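Some notes on the structure that comes next.
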Amino acid sequence: QPTISNWPGCLHVEAWRATSEDGVYFTYSRWIDEEALEDYRRSDFFRATWAKTKLLFQEKPKAWSSIRLSGIAPPAPDHHRLSLDQYQIDIGPLHRDQFLWLASKKHTAYFIIVDEHTERYCWPIFRERLGAVIPADKCRVIQVKPGEKYKNLETTQYIWEQLFEYEAGRKICVINLGGGVVGDMGGFAAATYKRGVDFVQVPTTLLSQVDASVGGKLGVDLLDLKNSIGVFRDPLAVWIDPVFLNTLPPR
5 QPTISNWPGC LHVEAWRATS EDGVYFTYSR WIDEEALEDY RRSDFFRATW AKTKLLFQEK
65 PKAWSSIRLS GIAPPAPDHH RLSLDQYQID IGPLHRDQFL WLASKKHTAY FIIVDEHTER
125 YCWPIFRERL GAVIPADKCR VIQVKPGEKY KNLETTQYIW EQLFEYEAGR KICVINLGGG
185 VVGDMGGFAA ATYKRGVDFV QVPTTLLSQV DASVGGKLGV DLLDLKNSIG VFRDPLAVWI
245 DPVFLNTLPP R
């Protein structure tokens, strides 16, 4: 599976065991790039495995697993990509290909959730890369107050109200640019607005990059109980750029 999924143009990979022989699996792949598919068929890997796996086409699967790839191209050379079942985590400098991939989703508008700090220090960095691909008139910034004490339903309602004020439909994308508070609350607002819209996590603090942005954990605080109201919902992607750590105090 890793070998196939790293080929450009491969969108989906399935594999299931259909024989008692250890390490032999039937594989099925979907491709969006016919030229890349032909390159794969001419590869040494394909020639070495096809003679055996083609015999399994008529076998009934005994067990199967699946990998769904949300990207349609390999990661940038300076990126490390973790491909999960439903989305991918890219670790490295923000790259033009990421925004081209996002633009291919054909969202009607992009709403960037920031707090006072990330709007000042992180948004200029992100805006420069975003604006090179996505027109500025399709982007709206929603600022919330920083800090855990503002991670509540009142602030979430403000985000919802801003989306309604901009007449945001169900085909928008929310981009959460900030630490754990912005990611948790912005993702929760996106997951519940009109029964759920797409969102991307762009964590800007150390803890949010290694924890809060990963795993689809979304929520707000209620009655002084941390994350007592929330949902689990996967983002479109998580983009972890270490450049944002430079905006933080050393401590």
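First residue of the sequence shown? That's 5 in this note's numbering, and the numbers climb one at a time after it. Glycine is no exception: its CB is placed at the ideal position from the N, C-alpha and C atoms. These numbers come from a predicted model, not from an experiment.
Once you ignore the five residues that flank G173 on each side, which residues in its own chain have a CB closer than 7 Å to its CB? Indexing the sequence shown from 1 puts residue 173 at position 169. Around G173: T112.
Might you give, ordered along the chain, the residues of its own chain that have their beta carbon closer than 7 Å to the beta carbon of G75, omitting 5 neighbours on each side? Indexing the sequence shown from 1 puts residue 75 at position 71. Because G75 sits at a pLDDT of 43, beneath the cut-off of 50, its placement in the model cannot be relied upon, and the following sentence gives the value as read from the coordinates. So the list reads Q92 and W105, once near-sequence residues are dropped.
Could you compute how far the alpha carbon of E171 sits from the alpha carbon of I117? By 1-based counting over the sequence shown, the position of residue 171 is 167. By 1-based counting over the sequence shown, the position of residue 117 is 113. Going from the Cα of E171 to the Cα of I117 covers about 16 Å.
With burial defined as no fewer than 16 other Cβ atoms inside 10 Å of the residue's Cβ, what is the status of Q102: buried or exposed? Mapped onto the sequence shown, residue 102 falls at position 98. Answer is buried; the Cβ neighbour count reaches 16.
Three-state class that DSSP yields for V118 in the structure shown: Within the sequence shown, the letter at position 114 stands for residue 118. DSSP places V118 in strand when its eight states are reduced to three.
Using three-state DSSP, classify P253 as helix, strand or coil. As a position in the sequence shown, residue 253 is number 249, starting the count at 1. DSSP places P253 in coil when its eight states are reduced to three.
For A172, report the span of its beta strand (DSSP E) as first-last. For the purposes of this step, residue 172 is identified with residue 168 of the sequence shown, where counting begins at 1. Taken as a continuous stretch (DSSP letters only), A172 belongs to no beta strand (DSSP E), as it is neither H nor E.
Cβ-Cβ separation, A195 to V235 (assumed contact under 8 Å), whole Å: Numbered from its first residue, the sequence shown carries residue 235 at position 231. Numbered from its first residue, the sequence shown carries residue 195 at position 191. The beta-carbon distance between V235 and A195, rounded to whole angstroms, is 5 Å. This is short enough to meet the 8 Å contact definition.
Do you know offhand how far N156's Cα is from R100's? The residue given as residue 156 occupies position 152 in the sequence shown. The residue given as residue 100 occupies position 96 in the sequence shown. Approximately 34 Å between the Cα atoms of the pair.
Going by CA-CA distance only, name the one from H121, I95 and H83 that's closest to P253. If you number the sequence shown from 1, residue 253 lands on position 249. Closest option to P253, Cα to Cα, is H121.
So, is the C-beta of G234 closer than 8 Å to a C-beta in chain C? The question asks about chain C, but that chain is absent: this structure has only one protein chain.
Mapping the DSSP letters down to three states, classify P246 as helix, strand or coil. Taking the sequence shown and counting its residues from 1, the one referred to as residue 246 is at position 242. It is helical.
W35 versus C14 - alpha carbon distance: Here residue 35 is taken as the residue at index 31 of the sequence shown, counted from 1. Here residue 14 is taken as the residue at index 10 of the sequence shown, counted from 1. The straight-line gap from Cα to Cα measures roughly 5 Å.
Using a Cβ-Cβ cut-off of 8 Å (strictly less than) and excluding sequence neighbours within five positions of K230, which residues of its own chain qualify? Indexing the sequence shown from 1 puts residue 230 at position 226. Taken in chain order, the residues that qualify are E152.
Within 10 angstroms of its Cβ, does V186 collect 16 or more other Cβ (buried), or is it exposed? As a working mapping, residue 186 is identified with position 182 in the sequence shown. That one is buried.
What residue does the beta strand (DSSP E) around L240 start on, and which one ends it? Numbered from 1 along the sequence shown, position 236 holds the residue referred to as residue 240. First-last for L240: undefined, no H or E at that position.
Span of the alpha helix (DSSP H), counted from its first residue to its last, around D43: Looking up residue 43 in the sequence shown gives position 39. Per DSSP, the unbroken alpha helix (DSSP H) holding D43 starts and ends at E38 to R45.
Endpoints, alpha helix (DSSP H) assigned at G191: Along the sequence shown, read from residue 1 onward, the residue named residue 191 stands at position 187. From DSSP, the alpha helix (DSSP H) with G191 extends over G184 to T196.
Beta-carbon within less than 7 Å of P97's beta-carbon, same chain only, minus the 5 sequence neighbours each way: which residues are those? Looking up residue 97 in the sequence shown gives position 93. Here the set comprises D82, D245 and V247.
Under the three-state reduction of DSSP, which class applies to I138: helix, strand or coil? Sequence index remark: in the sequence shown, residue 138 carries index 134 (1-based). DSSP places I138 in coil when its eight states are reduced to three.
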